[in-house]
Amino acid sequence: MRISELDISDAIKDLLSSRGFDELYPPQAEAIKAGVLEGKSLVMASPTASGKTLVAELCAFKHILEQGGKVLYLVPLRALASEKYEDFQTYSSLTKQDGNKIRVGVSTGDLDSRKSWLGDYDIVVTTNEKCDSLLRHRSPWMEDVSLVIVDEVHLIGNDRGPTLEVALARLRQLTPELQVLALSATIRNVDEVAEWLNAQWIETKWRPVPLKEGVAFNERIIFNDGSTKRLRPLNRLDPINIAMNSVLDGGQSLIFVESRRRAQSIAREAGNALRGTNKKKAEMRLLEISTMISTRGEKTRLSDDLASAVAGGAAFHHAGLSSAHRKIVETAFKGGLIKILSATPTLAAGVNLPARTAVIASYKRFRPGYGMYPISVLEYKQMSGRAGRPQYDDAGEAILIASSSDEQDALMEDYVTAKPERLFSRLAQEAAIRGHTLAAIASDYAHTEPGLMDFFGQTFYGYHYPLGNIKLILAGILSYLRREDMIHHEGDYIYATDFGRRVSELYIDPLSAVVLRDGLNQDDISFTDITWLHLICHTPDMRPKLRPRRGEMVAIENFLEEHRHELTVKLASDYDYVDYETTLGELRTTMILKAWIDETSENDLFEKYRVSPGDRYSAVHNANWLLYSAYELARVLGTDKHRGHIRTLRDRVRYGVTEKLLPLVRLQGIGRVRAKVLYNSGFKSASILKAAPLARLVEIPLIGPSLAKTIKEQIGGVVDQDEWRRLDTDTSEQRSITDFFEKPRDKPKSDR
C-alpha cells in the first residue's frame, strides 16, 4: 500500500514524501485495513522498527487536521516522552483548518497541577503517572481528547501497570467514543487486551531487518533457523568476544547485563579491546566526547570510568548515570561512534538504541528475597528486539550465552523458541488499589461502593477476574481510608475529607500521608533536619531506599544511636531481619540526603556511600516531592508551625546546599558549585552582587561575561553594555586561543 493511496490530507502526504516515505510496511498496511484511520481502536503488536510510530503519527494528524481533535500520547518513561516530543515536533509545519500550526506539548513533572495550559496544545506527550495525576485534578482539557496513543502497553503487566490501566479506564469513562491505539513489540494475549479496549488487533512478526536468535557456547553460536556461526577468539570474556566479532564486521553491539557494576566492568574491558580499531577521525571525536563527559557536571569516579571507556569506543548505560551523561552516550551510540554499549535491562524499555547485535550476557537477575532469578521470556524478547538497525544491517542477531552444551539447549527452548508470558493485571495488589480508590472518590468519579465496583470493572483486572475478588480488597481499603480520616460515609454516599482530597492531589500513597501526618502531629520532640529527612525516608513513596552495603552497618547503627532522640517513628529491631534491613536502608538514605544538603560533593558521596549521580538524583527528586507534600499537609492539618522549617529544608534538598547559600542558588544559572565559589569570593548576598562591578564578577572562576550579565539583570543591577561587550570579546578571544593550542592543528574544520 502506497502513501498516496491513504485517506489523509495532501499536506501530510507531501511531508511524508519529502522524508522518503513512499510505501507502507506490511504491519502499517494491516493497521490501515483494520480501520485505524476510520476511528477504530487498535492494539498493534509488531516488532521494533516495524513502523508503529508512523501509524501513530498518521492517526494523530487525522484527528487534528481533519477532525479538530486532541491527541494524548502516553509513555512509561520521561526519556521516552522527550524522544516522542522531538519526533512530533518535526511535523510542526503542518497547518490546521483554523490556520494555526500544530502545537506539541510535553508534561512529565509536577504531579500537583492541573496544567490547564496544556489545553492549548494539539498533541500532549506525557508519562502514565502524569496522565493519572491530570485526571485526579480534573483538568478540563482531558475531556477534549479524541485519541489516546499508548506506547509499550505490555507494561500493564508490571508493578507500574495499575496506573496505566486505571488511566485508560478513566479516559474511556470520560469519553466513551475515545479512539485508543495501543502499541507494543510483544504481547502474547493481544486478543484479550484488544477485547478489553473494545479494539481491533493485529499481531505480526514482520521486521524490516530479519532477526536471528541464538545461544553461544564455546565460541559457537547455534541460531533458531538451524544455522551456526563460529566466533573468532578476540577476547577472553564471552560477551565482549561476541560484540567484538560484530564490530569488526562493521556492526555495533548492545550487551545486556544483570547489574550496574558489571555494566561498568564490561564497558571498561570493551573500551580496552576496541583501542586501536577505530579510525583516526573517530578516535579524535571519541576523545572530545570523553572530555565532554569529564567536564559535564561534578566529577566522580563513575564519570571518570565512563570517560575512559568512551575514549576507547565503548560505554555503559544505567540509571546510576546522570541524565546529561546518559544523553551524551545515547547520542554517540546513535551516531555510530560508540561501538559497544553495556547496559542494564532498563534500556530495553527505554530509548530507541538499536544495534546489529544484542548480547544477553546473563539470563538471571537479582531479586531481593529470592537471590538470582531467571528473567521472563517477555523481558528477553524486549532485549532481543533491539537487534538489527534499519538501513544499516541486513540482519540482526540476538545472542544468549550458555555455560554448557546442556544449558545451550535449555536456553534455546526456554527463551529463543518460547512465547512471552500472557499479560495479567496487577491492580489487585493492596498498595496499588489503595491510592486509586481514594482518587476515584476524591476526584468525584465515584461516590458509592457500587460506583467504585463499576469503575474497577472497566479495568483490565475487571476484564480478567470476577469482581467478587476485588470486593473484599476494596472493603478493607475503604475501612482503612475511613479509619485514617481520608473519607467519610453519609449513608451509602462516600466523600473525601479535605485531608483525603489533598492526599490524592499530591499523588502520594495514603500510607505515606499517614506517616507524614503522624509526624506532623508529634509534640514531644524537637524537630531537626534529621527528623524530617528520616520521616520522608520512612514513607513507601521514598524510592530508592538506598540499602546498606557490607561494611556500613556499624556507621549506620552509630548514626542511629546519635540521632535516635530526633526520630518520630518506631524502628524495627534486628530480630526481624527483613524489616530491620528496611530500617537500615531508610537510615542510610537519611544519611546521604543529610550529606547532600551539607554540600558534600558528588564525588565524595560516591566514594563514601557508593551512591551514583543517578540514584542521588532520584532520591533528591522524591525527597523534594515528599517535603512539598508534608508542607501542604501541614496547611490542611493546621500544623503551620512546621511549614517554615519544611520549606527551607525542601529548598536545601532541591539545590544541595546549606541555608547560607540559598539566596545565591535561587538565581538563574547558579548551582551549588557556583554558589559556593561566589560565597567564598565574598559575594554572600544579592545586595553585594548588585553593587559589584561587572568586571569583578567575570574574574571569578566559573562566572563568565554572559552569566555575570544575567546575574546583574536578575537582581536589578546596572549593566554597562559597552563594558559587557568588551569583556565578552576579551573572553571569547582568550577562549579561541586556548582552543587553538588544546585541539590538534591538523583536525578537519568540519569536525570541530
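For any residue, its number in our numbering is found by taking its place in the sequence shown, counting from 1, and adding 393.
The beta carbon of each residue, even a glycine, is placed where N, CA and C say it ideally should be.
Going by beta carbons, Leu465 and Ile549 fall outside the 9 Å limit. With a contact defined as Cβ atoms closer than 8 Å, Asp544 and Leu590 miss out at about 15 Å. Residue ranges of uninterrupted alpha helix (DSSP H) with 4 or more members, entirely inside the segment 881-958 and ordered along the chain, are 891-899, 903-913, 922-930 and 946-956.
The continuous beta strand (DSSP E) containing Glu596 extends over residues Gln593 to Glu596. Residue state for Glu842 is assigned as helix, using DSSP reduced to three classes. Contact annotation: Glu570 and Ser532 have beta-carbon atoms that are not nearer than 9 Å.
Unbroken alpha helix (DSSP H) stretches of 4 residues or longer found wholly inside the segment 1016-1099: 1036-1048, 1055-1058, 1065-1073, 1079-1084 and 1087-1092, given in chain order.
Closest option to Arg529, judged by alpha-carbon separation, among Gly893, Tyr973, Ala1079 and Ile495: Gly893. DSSP places Val640 within a helical segment (H, G or I) once states are collapsed to three. CA-CA distance, Glu974 to Ser715, rounds to 27 Å. By the C-beta density criterion, Lys1053 is exposed, having fewer than 16 other C-beta atoms within 10 angstroms. Spanning the alpha carbons of Ala663 and Leu458 requires a straight line of approximately 49 Å. Secondary structure of Gln851 (DSSP, three-state): coil.
When secondary structure is reduced to three states using DSSP, Ile863 falls in the helix class.
Per DSSP, the continuous alpha helix (DSSP H) segment holding Val448 begins and ends at Lys445 to Phe454. Counting the other Cβ atoms within 10 Å of the Cβ of Asp1008 gives 16 or more, which makes it buried. For Leu1030, the closest alpha carbon among the candidates Thr976, Val907 and Ser639 is that of Val907. Looking from the CA of Asn628, the closest CA among Met637, Gly1110, Ala725 and Gln822 belongs to Met637. DSSP links Val602 through a beta bridge to no other residue.
Contact check for Leu964 and Thr976: beta-carbon distance about 5 Å, within the 8 Å limit, so the pair qualifies. Residue pairing for Pro767: DSSP places it in a beta bridge opposite Lys757.
Separation of the CB atoms of His710 and Leu740 is rounded to 6 Å, and the pair is thereby assigned contact status at 8 Å. The continuous alpha helix (DSSP H) containing Tyr478 extends over residues Arg471 to Gln482. Here the segment 1023-1039 makes no contact with the segment 949-956; the two share fewer than three CB pairs at distances below 8 Å.
The DSSP-derived three-state label of Ala833 is helix.
The shortest CA-to-CA distance from His857 to any of Glu558, Gly462 and Leu399 is the one to Glu558. Ranked by how close their Cα comes to the Cα of Met935, the residues Asp891, Leu980 and Arg957 have Leu980 in first place.
Note: Leu467 is bridge-paired with Thr519 and Val543 in the DSSP secondary-structure output. Here the segment 802-811 makes no contact with the segment 843-850; the two share fewer than three CB pairs at distances below 8 Å.
Rounded to whole angstroms, the Cβ separation of Val429 and Leu574 is 7 Å, and the two are in contact under 8 Å. Ser701 is the residue among Lys692, Leu1055, Ser701 and Glu681 whose C-alpha sits nearest the C-alpha of Leu667. When only Cα atoms are considered, Arg661 and Gly781 end up about 24 Å apart. Between Gly1064 and Glu992 the beta-carbon gap is near 11 Å, outside 8 Å, which marks them as no contact.
Close CB contacts of Trp599 within its chain, under the 8 Å cut and outside five residues either way in sequence, are with Tyr418, Pro419, Pro420, Ser439, Pro440 and Ser443 (chain order). In the DSSP assignment, Arg623 falls within the beta strand (DSSP E) that extends over Thr621 to Arg623. Distances from the CA of Tyr900 to each of Ser485, Gln482 and Gly502 were compared; the closest alpha carbon is that of Gly502.
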